[in-house]
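Novice: In this note's numbering, the protein residues as written are 23 to 148.
Ideal placement from N, C-alpha and C gives every residue a C-beta, glycine not left out.
The structure presented is a predicted model; accordingly, all values stated were derived computationally and were not measured.
Have a look at this one:
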């Protein structure tokens, strides 16, 4: 039986720590499994062109699916995000380097944000 509030808080803290450690261990396991499974399943060279192409493009598809929606909420206004995205897509399609694409998109977003902040593009806010 607990006599003081400090003992009760200590006991609650222990339960919370066990819960946190359990969560961390489970998250580590869930993160580790997708890294180990491909190594254990595909020990030999994959000969199927379809499976090889699928495995080659999967990281790019996942990265795009995870990051693309956040592009439109990362700036102060939707029009600056769309403008930066359009510039990045056009330059990327033309084969420009990643550094050039990133700098051009950043400059575009900056200029559109400054123009929007000055009230020049306020009517374009969505």
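Tell whether a beta-carbon distance below 8 Å holds between residue 82 and residue 134.
Specialist: On the chain shown, position 60 is the one that residue 82 refers to. On the chain shown, position 112 is the one that residue 134 refers to. The answer is no: Cβ separation not under 8 Å.
Novice: Secondary structure at residue 72, three-state DSSP: helix, strand or coil?
Specialist: In the chain shown, the residue the question calls residue 72 occupies position 50. Looking at residue 72 - three-state DSSP - the assignment turns out to be helix.
Novice: Taking the alpha-carbon positions, what's the residue 121 to residue 56 distance?
Specialist: Here residue 121 is taken as the residue at index 99 of the chain shown, counted from 1. Here residue 56 is taken as the residue at index 34 of the chain shown, counted from 1. Those two C-alpha atoms are separated by around 31 Å.
Novice: Starting from residue 105, trace the alpha helix (DSSP H) both ways and give me its first and last residue.
Specialist: The residue given as residue 105 occupies position 83 in the chain shown. Residue 105 -> alpha helix (DSSP H) spans 100–115.
Novice: According to DSSP, is residue 90 helix, strand or coil?
Specialist: One-based indexing of the chain shown puts residue 90 at position 68. Three-state result, residue 90: helix.
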